[in-house]
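Enquirer:
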Amino acid sequence: MNEPSVTLYGRPGCCLCDEARVIIERVRERVPFELSERNIEADETLLHRYLERIPVVTIDGREAFELILDEPAFEDAVRDPQLRRPAQ
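What follows is the structure in structure tokens.
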């Protein structure tokens, strides 16, 4: 099974985004996954889509968390392929 792909959408100066990043990195020490970060201020579409919702975390392209990242639920989601399947 391939490692899951996690994306953190946020922007500079967002304290909730900083907190989410710490959680993501802590989980990443226990569970391998690819991580990318997107600054919503660099893309007008992302800014409009996520401005009131950041941080937003996607797993394998599926929006999984917004505003608050629950560490146990996030770890479960990156560990279990059934939990990270894209919505149909």
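The numbering used here puts the first residue of the sequence shown at 12, with every later residue one more than the last.
We treat Cβ as the ideally placed atom computed from N, Cα and C, and that holds for glycine.
Treat the numbers as computed from the prediction; the structure is a model and nothing was measured.
Do you know offhand how far R32's Cα is from E14's?
Expert: Stepping through the sequence shown from its first residue, residue 32 is reached at position 21. Stepping through the sequence shown from its first residue, residue 14 is reached at position 3. In a straight line, the C-alpha of R32 is about 18 Å away from that of E14.
Enquirer: Restricting to runs no shorter than 3 residues, where is the beta strand (DSSP E) found entirely within the region 18-73?
Expert: 45-50, 67-70
Enquirer: Out of L80, R73, E55, G72, state which residue places its alpha-carbon closest to the alpha-carbon of I65.
Expert: As a first step, residue 65 is located in the sequence shown; it is residue number 54 there, counting from the start. Among L80, R73, E55, G72, the Cα nearest to that of I65 belongs to L80.
Enquirer: C26: buried (16+ other C-beta within 10 angstroms of its C-beta) or exposed?
Expert: Along the sequence shown, read from residue 1 onward, the residue named residue 26 stands at position 15. With fewer than 16 other Cβ atoms within 10 Å, it is exposed.
Enquirer: Going by C-alpha to C-alpha distance, which of T18, R22, R41, C28 sits closest to E86?
Expert: As a first step, residue 86 is located in the sequence shown; it is residue number 75 there, counting from the start. Ranking T18, R22, R41, C28 by Cα distance to E86 puts R41 first.
Enquirer: Restricting to Cα atoms, I'd like to know which of G72, V38, R22, V89 is closest to L58.
Expert: For the purposes of this step, residue 58 is taken as residue 47 along the sequence shown, with counting starting at 1. The shortest C-alpha separation from L58 is found at R22.
Enquirer: Go ahead and label A88 buried or exposed: buried means 16 or more other beta carbons lie within 10 angstroms of its beta carbon, across all protein chains shown.
Expert: The residue you call residue 88 lines up with position 77 of the sequence shown. So A88 counts as buried.
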